[in-house]
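Novice:
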Amino acid sequence: MLDANYDPKAIDAFAQELWERLGVHRFDPASTAEVFSIDTPPPTVSGSLHIGHVFSYTQAECIARYQRMRGKNVFYPFGFDGNGLPTERLAEKEHGVQGRSMPRPDFVALCLQTSRTYERQFEALWRRLGISSDWSLAYSTIDERCMRISQRGFLDLFRKGEVYLKTSPTLWDTETQTAVAQAELEAKEKRTLFNDLRFDLAGGGSLTIATTRPELLGACVAVFVHPTDPRHAALLGRRALVPLYGHEVPVLADEKVDPAKGTGCVMCCTFGDKTDVEWYQKHGLALRQVLGADGRMTALAGPEEGLYANQARKAILERLKAAGHLLASREIDHVVQAYERTGREIEFLPTRQWFVKVLDKKADLVRMGEQVRWFPEHMGKRYRNWVEGLEWDWCISRQRFFGVPFPVWYCEGCSEVRVAEDHELPVDPTARMPGTPCRACGGSAWRAERDVMDTWATSSETPQVNARWGDPAGAPRSPLPMTLRPQAHDIIRTWAFYTIVKSWIHHRQVPWRDAMISGHVQAPGKQKISKSKGNAPTDPNTLVDEHGADAVRYWALSATLGNDYVYSTEDLARGRALGVKLWNAARLARTHLAGWAPSPGDPAQPVDRWMRARLAAGVKAVQADLDAYEFGTAKGKVEQLFWNDLCDNYLELVKGRLHDTSPAGATARRAAQAGLFDALSTIVRLLAPFVPHVAEVVWQALFAAPLGCPSVGRAPWPAPPPAWRDDTALAQGEAALALLVAVRRWRSEHKLSPGVPLAEAVLQVGSAHAPHVAAVADDVRAALRVARLVATPGTGLAADAVVLDSATQA
RNA sequence: GGGCGUUUAGCUCAGUUGGUAGAGCACCAGCUCGACAAGCUGGUGGUCACUGGUUCGAGUCCAGUAACGCCCACCA
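Numbering (this note's numbering) for the first sequence: 153 to 962.
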């Protein structure tokens with residue numbers, strides 16, 4: 153293959169076919185080697201494969217390749233998150249249907265079909281990029297195994313009393329008409345009217361409240377003032393009449409009122425915001441619901457019944473104005489909570505939901521977070537920050553269709569909760585009813601739970617899915633805790649957090665030892681990538697088409713873990729150039745290694761020892777970086793070792809010997825061949841985690857047979873023998889380079905081609921280099937094409953300086 | 001308002017325990033020499049955001065300031 157020109161398409165295809173054929177990336181359940189398991193993020197099957205996926209998956213993948221070469225038994229599954237609302241919305245969009253208005257089994261089937269289609273596209277791209285997953289371990293969060301484990305997780309929570317059913321005001325999205333969790337909220341800036349409304353008091357007088365949500369007036373159940381606000385002290389104990397609606401509400405005091413905001417009087421509605429919910433519970437207030445689950449006003453709202461909240465707002469302001477209760481209106485910008493999936497403002501509706509207890513275990517969860525090793529370290533603080541800011545238990549029920557069902561029925565007679573038995577899982581409770589009567593009342597009529605679980609309730613069990621928790625023995629599985637969780641920082645509050653919650657409740661331990669947190673991709677100019685701005689880079693498939701998998705990987709691996717990184721075509725070009733360079737170096741090596749076999753008898757020359765010393769130091773440094781998940785700096789060090797040390801310097805220095813086929817030069821030539829073999833066979837392995845395709849082809853051409861290792865993907869990570877470490881050789885090599893630079897500079901200044909031979913170069917060398925010149929002189933002369941090299945220790949020169957006095961053209 | 005991060009060459013980014021600042025790209029000059037012009041050689045270019053402090057010595061440690069970014073809080 154090396155005879156052809158560098159062709160990424162051919163190289164990618166060759167390497168990928170080989171890996172597949174040899175099963176290089178297989179996890180071996182029978183092996184006794186240490187397991188390195190990776191809790192791969194299952195990407196949401198939402199229809200778009202973008203550069204951000206490529207970025208963070210490649211970063212984790214490079215670690216998988218490295219650990220495999222280190223001899224670990226790498227458990228690297230792939231997962232897809234087909235579950236949940238994103239798939240529902242995609243299916244609705246693609247097929248022009250409404251999940252709510254079609255038979256549920258039909259809609260679920262459509263969702264499954266949709267997610268399968270996209271899963272195949274995802275898998276094809278990951279394979280093209282050389283992602284070394286063991287595809288036989290793949291799962292989808294909606295497949296039978298995940299459903300079973302997800303339901304098993306629920307049963308475990310239920311039996312441990314960690315999950316409860318409660319009817320209470322809940323975060324609610326009116327568009328998808330489901331409860332949502334705190335983690336799914338996002339802040340949204342909004343311009344709105346801040347209105348002063350006059351409330352008359354029973355027995356005379358009035359007070360003024362300020363509100364942005366006048367449409368909730370019908371839901372007003374109290375007016376609050378601050379307990380120490382002297383302006384309103386006289387109001388306490390009085391009763392106010394709600395304008396337009398006429399019902400009386402108490403005037404109460406609470407510390408949470410901000411006297412400086414609005415008029416210092418605030419109405420409490422059920423429910424306008426989180427504070428209303430708190431006051432409702434704390435002060436035992438009445439419930440008056442004017443907003444329905446679909447976002448329309450209820451009959452209690454009066455004339456606005458049937459209108460959406462924003463329409464009702466305008467209408468009621470007109471009525472208030474006409475009635476003389478609207479004293480003032482002014483525009484303000486404020487921030488509201490919205491549901492991240494729809495962008496719609498969140499409402500608080502009293503509904504019946506399943507909750508997982510998290511508020512009672514903040515301290516434990518913080519402790520779990522401290523036991524995980526976060527890379528970079530500061531990501532652990534973001535986790536802690538989120539845990540400490542929790543305000544709601546985790547609502548896991550969704551009033552949707554496509555998801556893991558709750559394994560739950562309710563007794564029609566007494567509302568007793570009946571959960572499924574372990575052996576029944578996975579179960580769709582709507583498909584069949586329990587066969588035994590209710591333990592509480594003896595009734596035998598059951599009602600199935602129709603809600604499905606939050607998608608995170610399933611994806612938080614990925615370590616258990618990978619471990620096949622509770623499943624019968626047989627299939628390959630990873631131990632718990634897993635070794636590594638790679639993910640991006642935006643889902644620390646969801647995926648990482650929920651996974652830790654589950655692991656703590658199920659096993660009282662962390663889900664993984666390490667968490668590797670990647671940053672985001674930015675568009676050129678450090679812009680946030682957004683579809684609306686149209687600044688998203690090219691589709692990843694096109695990038696692979698145009699530049700090859702290794703070039704795309706090279707770009708992703710040029711970042712620093714945890715930092716955002718700008719998408720850059722320069723990196724892609726550089727990645728491709730690296731492939732070309734390796735290709736050409738391999739061709740050169742092939743020429744000079746033809747017919748050569750290792751024979752320990754040939755004494756290495758100083759320059760050979762220098763190369764090996766550089767390799768020894770390089771391997772150690774690269775290893776340290778990769779052990780800490782610092783792929784970017786690791787890659788930089790490998791590149792330097794390859795491009796500068798090997799190609800620019802070592803190869804140039806030994807070319808003279810390599811070309812000398814005379815009997816007199818045979819020993820020196822063989823020493824150079826050995827050096828070249830050691831250097832390239834080491835470096836190609838160091839490059840393999842980063843640019844695996846070209847590395848594999850070079851390995852096949854030069855090293856697979858002599859080293860008895862059929863794929864670079866399973867080649868042992870280089871372990872330079874202690875003898876390679878050689879400080880003297882390092883100093884000698886530096887002296888050689890200093891001489892090279894001095895003469896090259898002279899040539900450049902005299903505009904002479906490096907090919908033009910020189911008769912003589914007279915050099916003054918510093919005292920650090922002086923002792924080493926003789927040792928390297930032959931190689932330096934050959935590399936520089938200088939017939940005679942005269943180097944004398946100069947007086948007053950800096951320790952490592954070299955100065956060229958004169959050189960003569962031959 | 002709280003937390004975290006970033007700020008180093010024109011651009012994108014490295015700089016491990018404090019010891020005279022680095023890479024790639026771009027730019028300038030030169031080079032087709034026996035792997036490679038997607039290359040090679042040489043070179044230009046930086047008060048390391050700012051202000052103080054510790055130290056013989058600070059890009060690096062400490063305190064503060066500013067700009068930018070992310071997360072959280074903020075619905076009266």
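Note that CB positions come from ideal geometry on N, CA and C, so glycine has one too.
1. Using the C-alpha atoms, what's the distance from P194 back to T269?
2. Going by DSSP, what residues sit across from E486 in a beta bridge?
3. Is V260 helix, strand or coil when you go by DSSP?
4. Look up C593 in the DSSP assignment and say whether it is helix, strand or coil.
5. Pull up the distance between the alpha-carbon of H672 and that of H924, whole angstroms please.
6. Confirm, please, whether the CB-CB distance from V850 to L730 is below 8 Å.
7. Kindly indicate the opening and closing residues of the beta strand (DSSP E) around L542.
8. Specify the secondary structure class of T363 as computed by DSSP and reduced to three states.
9. Give the single residue among L695, G700, D931 whose Cα lies nearest to the Cα of R761.
10. Got a sec, what are the start and stop residues for the beta strand (DSSP E) I669 sits in?
11. Based on the DSSP secondary-structure assignment, which residues constitute the bridge partners of L941?
12. Would L767 pass as a contact of A823 if the rule is Cβ separation under 8 Å?
13. Assuming C421 is part of the beta strand (DSSP E), what are its boundary residues?
14. Does the separation of the CB atoms of L956 and V895 fall below 8 Å?
15. What is the rounded straight-line gap between the Cα of L443 and the Cα of A464?
16. Please state whether DSSP places P615 in a helix, a strand or coil.
17. Could you name the residues that DSSP lists as bridge partners for T319?
18. Enumerate in chain order the residues of its own chain whose CB-to-CB distance from Y460 is below 7 Å, with the five nearest sequence positions on each side excluded.
19. Comparing alpha-carbon positions, which option in T330, R602, V571 lies nearest L501?
20. So which of A490, P366, L810, D258 has the shortest CA-CA distance to E327?
21. Distance check for V653 and D308, CA to CA, integer angstroms please.
22. Please list, in chain order, all residues of the same chain as L154 whose beta carbon is under 8 Å from its beta carbon, the five residues on each side excluded.
23. Compare the C-alpha of K466 against each of V315, M605, P844, L369 and name the closest.
24. Kindly indicate which three-state DSSP category W851 falls into: helix, strand or coil?
25. Identify, in the order they occur along the chain, each residue of the same chain with its Cβ nearer than 8 Å to the Cβ of E407, setting aside the five sequence neighbours on each side.
26. Comparing C-alpha positions only, which one of R256, D233, I301, Q250 sits nearest to F274?
27. What residue range is occupied by the uninterrupted alpha helix (DSSP H) comprising Q219?
28. Where P844 and M221 are concerned, what is the direct C-alpha to C-alpha distance, given to the nearest angstrom?
29. Roughly how many angstroms lie between the CA atoms of P581 and T646, to the nearest whole one?
30. Using only CA atoms, which one of A951, L289, A922, A927 lies nearest to P945?
31. State the DSSP-derived secondary structure class of I294, mapped to helix, strand or coil.
32. Quick one: Cα of D642 to Cα of P615, how far?
33. Residues in its own chain within less than 7 Å of A475 by CB, not counting five upstream and five downstream?
34. Of the choices R620, G817, L889, whose alpha-carbon is the least far from that of P755?
35. Using the rule of at least 16 other Cβ atoms within 10 Å of the residue's Cβ for burial, across every protein chain shown, is L170 buried or exposed?
36. Specify, as a first and last residue, the run of the beta strand (DSSP E) that Q639 falls within.
Specialist: According to the structure data:
1. Residue mapping note: residue 269 aligns to position 117 of the first sequence, counting from 1. Residue mapping note: residue 194 aligns to position 42 of the first sequence, counting from 1. Each residue's Cα considered, the two are about 15 Å apart.
2. As a first step, residue 486 is located in the first sequence; it is residue number 334 there, counting from the start. Rather than Glu, the amino acid found at residue 486 in this sequence is His. The partner list for H486 (beta bridge, DSSP) reads K342.
3. Indexing the first sequence from 1 puts residue 260 at position 108. If DSSP states are grouped into helix, strand and coil, V260 belongs with the helices.
4. The sequence position of residue 593 within the first sequence is 441, counting from 1. C593: coil per DSSP, three-state reduction.
5. Along the first sequence, one-based indexing puts residue 672 at 520. Along the first sequence, one-based indexing puts residue 924 at 772. Each residue's Cα considered, the two are about 49 Å apart.
6. Counting from 1 along the first sequence, the entry for residue 730 is found at position 578. Counting from 1 along the first sequence, the entry for residue 850 is found at position 698. Not closer than 8 Å, so no.
7. Within the first sequence, numbered from 1, the residue matching residue 542 stands at position 390. Counting along the chain, L542 falls outside any beta strand (DSSP E), and DSSP gives it neither H nor E.
8. Reading the first sequence from its first residue, position 211 is the one you call residue 363. Three-state result, T363: strand.
9. Your numbering for residue 761 matches position 609 in the first sequence. Selected option, being the one with the closest Cα: D931.
10. The sequence position of residue 669 within the first sequence is 517, counting from 1. 664-670 is the extent of the beta strand (DSSP E) around I669.
11. Stepping through the first sequence from its first residue, residue 941 is reached at position 789. Note: L941 sits in a beta bridge opposite A913.
12. As a working note, residue 767 is residue 615 in the first sequence. As a working note, residue 823 is residue 671 in the first sequence. For L767 and A823, no; Cβs fall outside 8 Å.
13. For the purposes of this step, residue 421 is identified with residue 269 of the first sequence, where counting begins at 1. It spans 417-421 - the beta strand (DSSP E) in which C421 sits, taken as one unbroken run.
14. Within the first sequence, the letter at position 804 stands for residue 956. Within the first sequence, the letter at position 743 stands for residue 895. It is a contact, given that the beta carbons lie within the stated cut-off.
15. Here residue 443 refers to the residue found at position 291 of the first sequence. Here residue 464 refers to the residue found at position 312 of the first sequence. The alpha-carbon atoms of L443 and A464 are separated by roughly 10 Å.
16. For the purposes of this step, residue 615 is identified with residue 463 of the first sequence, where counting begins at 1. Three-state result, P615: helix.
17. Position 167 of the first sequence, counted from the first residue, corresponds to residue 319. R504.
18. By 1-based counting over the first sequence, the position of residue 460 is 308. Result list for Y460: G447, R448, in chain order.
19. For this step, residue 501 is matched to residue 349 along the first sequence. Measuring from the Cα of L501, the nearest candidate turns out to be T330.
20. Here the question's residue 327 lines up with position 175 in the first sequence. Minimum Cα distance to E327 is reached at A490.
21. Within the first sequence, residue 308 is the residue found at index 156, counting from 1. Within the first sequence, residue 653 is the residue found at index 501, counting from 1. Cα to Cα, the separation comes out at about 13 Å.
22. Here residue 154 is taken as the residue at index 2 of the first sequence, counted from 1. So the qualifying residues of the chain are W735, A738, R739, R742, V849, V850, A853.
23. Numbered from 1 along the first sequence, position 314 holds the residue referred to as residue 466. If we check each option's Cα against that of K466, L369 comes out closest.
24. In the first sequence, counting from the first residue as 1, residue 851 sits at position 699. W851 falls in the helix class under three-state DSSP.
25. Counted from its first residue, the first sequence places residue 407 at position 255. Cβ within range, chain order: H378, P379.
26. Position 122 of the first sequence, counting from 1, holds the residue named residue 274. The option with the nearest alpha carbon to F274 is D233.
27. Locating residue 219 in the first sequence gives position 67, counting from the first residue. From DSSP, the alpha helix (DSSP H) with Q219 extends over 203-221.
28. Residue numbering aside, residue 844 sits at position 692 when the first sequence is read from its first letter. Residue numbering aside, residue 221 sits at position 69 when the first sequence is read from its first letter. Straight-line Cα distance between these residues: approximately 12 Å.
29. Taking the first residue of the first sequence as 1, we reach residue 581 at position 429. Taking the first residue of the first sequence as 1, we reach residue 646 at position 494. Those two C-alpha atoms are separated by around 27 Å.
30. As a position in the first sequence, residue 945 is number 793, starting the count at 1. Checked all of A951, L289, A922, A927; the closest Cα to P945 is A922.
31. Start at 1 with the first residue of the first sequence, and residue 294 comes out as number 142. The answer is coil: DSSP assigns I294 none of H, G, I, E or B.
32. For the purposes of this step, residue 642 is identified with residue 490 of the first sequence, where counting begins at 1. For the purposes of this step, residue 615 is identified with residue 463 of the first sequence, where counting begins at 1. C-alpha separation (whole angstroms): 20 Å.
33. Here residue 475 corresponds to residue number 323 of the first sequence, with the count starting at 1. Cβ neighbours of A475 beyond the five flanking positions: P395, L396.
34. Counting from 1 along the first sequence, the entry for residue 755 is found at position 603. Out of R620, G817, L889, G817 has the C-alpha closest to the C-alpha of P755.
35. Against the first sequence, residue 170 aligns to sequence position 18. Its Cβ being crowded by 16 or more others within 10 Å, L170 is buried.
36. The count along the first sequence starts at 1 and reaches residue 639 at position 487. From DSSP, the beta strand (DSSP E) with Q639 extends over 634-640.
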